[in-house]
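Undergrad: Protein sequence lines correspond, in order, to chains A and B.
Everything in the first sequence is counted per our numbering, starting at 1 for the first residue and increasing by one.
Everything in the second sequence is counted per our numbering, starting at 1001 for the first residue and increasing by one.
Even glycine gets a Cβ: it sits at the ideal position worked out from N, Cα and C.
Below are the structure tokens for one structure; questions will follow.
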Amino acid sequence: MNGFRVADGGGPVIPNFGHGSACLKNNGWFCPEWVRDHWGDILQPALVQHIELTVIAVSIGFGIAFLLALVGFRVRIFDAPLGAFTDFLYAVPSIALFQLLVPFTGLTVTTIEIALVSYTLFVFYRNIVEGLRSVPAEVLESARGMGLTRRQTFWRVELPLAVPAILAGVRVATVSTISIATVAAFLLYYGLGGPIFDALAQPDIFRTELLAAGGLAILLALSADALLTLLQRVLTPWNRLG
Amino acid sequence: MPTEAAELVFDEATKIYQGREGAAVDHLSLTVPAGEICVLVGPSGGGKTTALKLVNRLIPLTSGDIRVDGTSILDHNLTQLRRSIGYVIQQVGLFPHITVEGNIGTVPKLLGWPRARIRDRVTELLELVGLDPVGDRGRFPAELSGGQRQRVGLARALAANPPLMLMDEPFGAIDPIVRARLQDEFLRLQQELRKTVVFVTHDVDEAIKVGDRIAILREGGRLAQYDTPDRILDHPTDEFVADFVGRDRALKALTLRTLGDLELTPAGGGAADGLPRLTADTSLRDALAILVAERSQAALVTDGQGSPLGVVTREALLQ
């Protein structure tokens, strides 16, 4: 892994400047015909892979963080160490983490997912614990006084009231995962990072490919954020009042 | 509809917090007869809220016993005990993410009532506490005023028709005008429901107005006097109680009776001309205040429809 070598496996990605349009010959800022020609073989597969990377990382990250948060929420002495652990993972530079994992899991999608998951834990952990703790004391007291068991209090009161904080965490984690996942192509031609790294690897940066793939990553992040905001509104109608 | 109210007995009930000097509740013994309202009142540090929370075991007893209908609270399953006792607190503690209907239906749902029965019960309770069974049931707590929230809190506590209600300063956070109205409505409800109620307040006037019996607790959680409001006002056992109920206790005693309780002199032959007209349900204290304000020696007492019942004089009021 030396230098800026792009891993193989991505198909024909180096544009043929020989018989392209004038725009391509001049490496113009954005040549729509290239996007049209390579949507099917480059951009669309990269986008689908990117969505897969993100969905898997966010789901697994959420699952792990949820279990950790339950422990940190219930057993207070574990809260600080668990928080520090996720914070530490978050602080490791992403390129370094990808490299560190290679000896163990190789140049695989698994390596990428492990790194991405470890980045989501910090945001998820904090937001879930804070969300669960945000339940007002009088609400918990009335729950106890009415004879809800601890488990009922958790599922019927604490967890639903934590949903706004949890969904805020999901939004941040999703958007940052979409962004960090582009760096993963440093390791393996996968996701939208593939075409981005390819474009950067050209002697004279291939602008159209860079803008098309980079733009798709941004659009993906914005759409995911909008979708999750909508989900939040649907799931927590009570939260917009008063 | 009303289930049998339960008799509540505090038997040498004591709470000592670890690491704190002295008891919070000190050998408290008193009996609340079934269907009566017992108000716990006293200065802060008197342990009134602690005493209340001992009953549904939100705070565990250190020693002594509390019995509901003859059975020790310690012999009950904890969650079943709590589900059989209505609990109302000052900050209400409605579930913000659940509608009014869901909040009121909480305990019935826990008890496994069928859905239709819960729905009917919610309708009944909303009417009972003066809310709109159609328009209000789907609203979230954030959409309600403070007074409406406390009404929902009361309905929620009544939902499973508990024989015993615990109310911890239920109207304490509500502005005085709405508070007076809620007190009146609560007393009207109680006429119908006849629950056994333990009611905590720091407000002597509220205690006198609401209580069938008043327990005055002094610092250290010791019972200073347990008696009916008029006995406490007429015969405070000691200096502490007399101070606590205030120098105006004679005036306060006037709030306990209405003009309808007095013997009136017949209003014949134009004797009542020009006198202020007061309805029979006016308290003696309000009547006196009006007579003083109007500089009048007497008033004409009427019934709800305005027909004269008789005349009352200042002297008769002060007897």
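1. So with CB distances below 7 Å, who are the chain B contacts of residue 149 of chain A?
2. By DSSP, does residue 159 of chain A sit in helix, in strand, or in coil?
3. What would DSSP say about residue 10 of chain A, mapped onto helix, strand or coil?
4. Whose C-beta lies closer than 7 Å to the C-beta of residue 173 of chain A among residues of the same chain, with five residues either side of it excluded?
5. Between residue 1056 of chain B and chain A, is the shortest Cβ-Cβ distance under 8 Å, so that the two count as touching?
6. Where do the N-terminal and C-terminal ends of the beta strand (DSSP E) with residue 142 of chain A fall, by residue?
7. Could you pull the start and end residues of the beta strand (DSSP E) that residue 1197 of chain B belongs to?
8. Can you give me the Cβ contacts of residue 210 of chain A inside the same chain, cut-off strictly under 7 Å, excluding the 5 residues immediately before and after it?
9. Give the interface partners of residue 131 of chain A over in chain B, defined as CB-CB distance under 7 Å, in chain order.
10. Answer yes or no: does any C-beta atom of chain A fall closer than 8 Å to that of residue 1110 of chain B?
11. Cβ closer than 9 Å: which chain A residues qualify as neighbours of residue 1089 of chain B?
12. Exposed or buried, which one is residue 240 of chain A when buried takes at least 16 other CB atoms within 10 Å?
13. At the 8 Å Cβ level, is residue 1015 of chain B part of the contact set with chain A, yes or no?
14. For residue 1162 of chain B and chain A, any beta-carbon pair shorter than 8 Å?
15. Which class does residue 1020 of chain B belong to by DSSP, given the choice of helix, strand or coil?
16. Consider the Cβ of residue 1096 of chain B: report whether some Cβ of chain A lies at a distance smaller than 8 Å.
17. So residue 1032 of chain B and residue 1198 of chain B are supposed to be a Cβ contact under 8 Å. How far apart are they, rounded?
18. Return no unless some Cβ of chain B is closer than 8 Å to the Cβ of residue 167 of chain A.
19. Can you check the segment 1007–1087 of chain B for any beta strand (DSSP E) of at least 3 residues that lies completely inside it and give the ranges in chain order?
20. What do you get for residue 127 of chain A, buried or exposed, if any count of 16 or more other CB atoms within 10 angstroms of its CB means buried?
21. Applying a beta-carbon distance threshold of less than 7 Å, which residues of chain B neighbour residue 157 of chain A?
22. Buried or exposed: where does residue 8 of chain A fall if 16 or more other Cβ atoms within 10 Å of its Cβ makes it buried?
23. Assuming the contact rule is C-beta atoms closer than 8 Å, residue 1166 of chain B and residue 1151 of chain B should be a hit. Round their C-beta distance to whole Å, please.
24. For residue 114 of chain A, report the span of its alpha helix (DSSP H) as first-last.
25. So residue 1221 of chain B and residue 1009 of chain B are in contact, right, with Cβ under 8 Å, and what is the actual spacing, rounded?
26. Could you tell me which chain B residues have their CB closer than 9 Å to the CB of residue 39 of chain A, listed as they occur along the chain?
27. Are the C-beta atoms of residue 1106 of chain B and some chain A residue less than 8 Å apart?
28. Hey, could you find the ends of the alpha helix (DSSP H) residue 86 of chain A is sitting in?
29. Can the beta-carbon of residue 1296 of chain B be found less than 8 Å from the beta-carbon of residue 1254 of chain B?
30. Determine the chain A residues that contact residue 1092 of chain B at a beta-carbon separation under 8 Å, and present them in chain order.
31. Under a CB-based cut-off of 8 Å, is residue 231 of chain A close to chain B?
32. Would you call the segment 1093–1104 of chain B and the segment 1064–1076 of chain B in contact, with 3 or more CB pairs under 8 Å?
33. Does residue 238 of chain A have its Cβ less than 8 Å from a Cβ in chain B?
34. Determine the direct distance from the alpha carbon of residue 1075 of chain B to that of residue 957 of chain B, and round the result to whole angstroms.
35. Measure from the C-beta of residue 1083 of chain B to each C-beta in chain A and report whether the shortest distance is under 8 Å.
36. Assign residue 187 of chain A to one of three DSSP states: helix, strand, or coil.
TA: Walking through what the data contain:
1. Residue numbering aside, residue 149 of chain A sits at position 149 when the first sequence is read from its first letter. Ordered by position in chain B, the residues that pass the 7 Å Cβ test against residue 149 of chain A are 1079.
2. Within the first sequence, the letter at position 159 stands for residue 159 of chain A. Reduced to three states, the DSSP call for residue 159 of chain A is helix.
3. As a working mapping, residue 10 of chain A is identified with position 10 in the first sequence. No answer about residue 10 of chain A holds up, because its pLDDT of 46 lies below 50 and its placement is not dependable.
4. What you label residue 173 of chain A is simply residue 173 of the first sequence in a count that begins at 1. So the list reads 58, 61, 120, 123 and 124, once near-sequence residues are dropped.
5. Position 56 of the second sequence, counting from 1, holds the residue named residue 1056 of chain B. By this cut-off, residue 1056 of chain B is an interface position.
6. For the purposes of this step, residue 142 of chain A is taken as the residue at position 142 of the first sequence. Unbroken run through residue 142 of chain A is the alpha helix (DSSP H), 137–145; no beta strand (DSSP E).
7. Within the second sequence, the letter at position 197 stands for residue 1197 of chain B. Where residue 1197 of chain B is concerned, the enclosing beta strand (DSSP E) stretches over 1196–1201.
8. Here residue 210 of chain A refers to the residue found at position 210 of the first sequence. These residues qualify, in order along the chain: 196, 199 and 200.
9. If you number the first sequence from 1, residue 131 of chain A lands on position 131. Those do not exist, as residue 131 of chain A stays about 12 Å from chain B at its closest Cβ, beyond 7 Å.
10. Taking the first residue of the second sequence as position 1, residue 1110 of chain B is located at position 110. With its beta carbon less than 8 Å from one in chain A, residue 1110 of chain B belongs to the interface.
11. Taking the second sequence and counting its residues from 1, the one referred to as residue 1089 of chain B is at position 89. Within chain A, the residues placing a beta-carbon under 9 Å from that of residue 1089 of chain B are 138, 141, 142 and 145, ordered along the chain.
12. Taking the first sequence and counting its residues from 1, one reaches residue 240 of chain A at position 240. Its Cβ having fewer than 16 others within 10 Å, residue 240 of chain A is exposed.
13. In the second sequence, the residue the question calls residue 1015 of chain B occupies position 15. No - not a single Cβ of chain A is within 8 Å of the one on residue 1015 of chain B.
14. Position 162 of the second sequence, counted from the first residue, corresponds to residue 1162 of chain B. Chain A contact via Cβ: absent.
15. On the second sequence, residue 1020 of chain B is found 20 positions in, with the first residue counted as 1. The answer is coil: DSSP assigns residue 1020 of chain B none of H, G, I, E or B.
16. Here residue 1096 of chain B is taken as the residue at index 96 of the second sequence, counted from 1. Yes - at least one Cβ of chain A is within 8 Å of the one on residue 1096 of chain B.
17. Position 32 of the second sequence, counted from the first residue, corresponds to residue 1032 of chain B. Position 198 of the second sequence, counted from the first residue, corresponds to residue 1198 of chain B. At roughly 7 Å, the Cβ-Cβ gap stays under 8 Å, so residue 1032 of chain B and residue 1198 of chain B are in contact.
18. Numbered from its first residue, the first sequence carries residue 167 of chain A at position 167. Taking Cβ atoms only, chain B never reaches closer than 8 Å to residue 167 of chain A, which makes this a no.
19. Counting whole runs of 3 or more residues, the segment 1007–1087 of chain B contains the beta strand (DSSP E) stretches 1008–1015, 1025–1032, 1037–1041 and 1063–1068.
20. As a working note, residue 127 of chain A is residue 127 in the first sequence. With 16 or more Cβ atoms within 10 Å of its Cβ, residue 127 of chain A is classed as buried.
21. Sequence index remark: in the first sequence, residue 157 of chain A carries index 157 (1-based). Correct list: 1095.
22. As a working mapping, residue 8 of chain A is identified with position 8 in the first sequence. Because the pLDDT at residue 8 of chain A is just 48, under 50, the model does not fix this residue reliably, and the value given afterwards should be weighed accordingly. Residue 8 of chain A is exposed by the Cβ-count criterion.
23. As a first step, residue 1166 of chain B must be located in the second sequence, where it is residue number 166. As a first step, residue 1151 of chain B must be located in the second sequence, where it is residue number 151. Actually they do not touch by this definition, with Cβ atoms about 17 Å apart.
24. Here residue 114 of chain A is taken as the residue at index 114 of the first sequence, counted from 1. Bounds of the alpha helix (DSSP H) holding residue 114 of chain A are 109–133.
25. Walking along the second sequence from the start, residue 1221 of chain B turns up at place 221. Walking along the second sequence from the start, residue 1009 of chain B turns up at place 9. About 17 Å; that fails the 8 Å criterion.
26. Walking along the first sequence from the start, residue 39 of chain A turns up at place 39. Correct list: empty, because the minimum Cβ distance to chain B is about 44 Å.
27. Working through the second sequence from its first residue, we reach residue 1106 of chain B at position 106. By this cut-off, residue 1106 of chain B is an interface position.
28. Against the first sequence, residue 86 of chain A aligns to sequence position 86. Residue 86 of chain A -> alpha helix (DSSP H) spans 76–91.
29. Working through the second sequence from its first residue, we reach residue 1296 of chain B at position 296. Working through the second sequence from its first residue, we reach residue 1254 of chain B at position 254. It is not a contact, given that the beta carbons lie outside the stated cut-off.
30. On the second sequence, residue 1092 of chain B is found 92 positions in, with the first residue counted as 1. Under the 8 Å cutoff, chain A gives 138 and 142.
31. Counting from 1 along the first sequence, the entry for residue 231 of chain A is found at position 231. With a threshold of 8 Å between beta carbons, residue 231 of chain A makes no contact with chain B.
32. The segment 1093–1104 of chain B vs the segment 1064–1076 of chain B: no contact.
33. Against the first sequence, residue 238 of chain A aligns to sequence position 238. Output row for residue 238 of chain A: interface = yes.
34. With chain B covering only 1001 through 1319, there is no way to say anything about residue 957 of chain B.
35. Against the second sequence, residue 1083 of chain B aligns to sequence position 83. It does: the Cβ of residue 1083 of chain B has a partner Cβ on chain A nearer than 8 Å.
36. Mapped onto the first sequence, residue 187 of chain A falls at position 187. In the structure shown, residue 187 of chain A sits in coil (DSSP, three-state: anything other than H, G, I, E or B).
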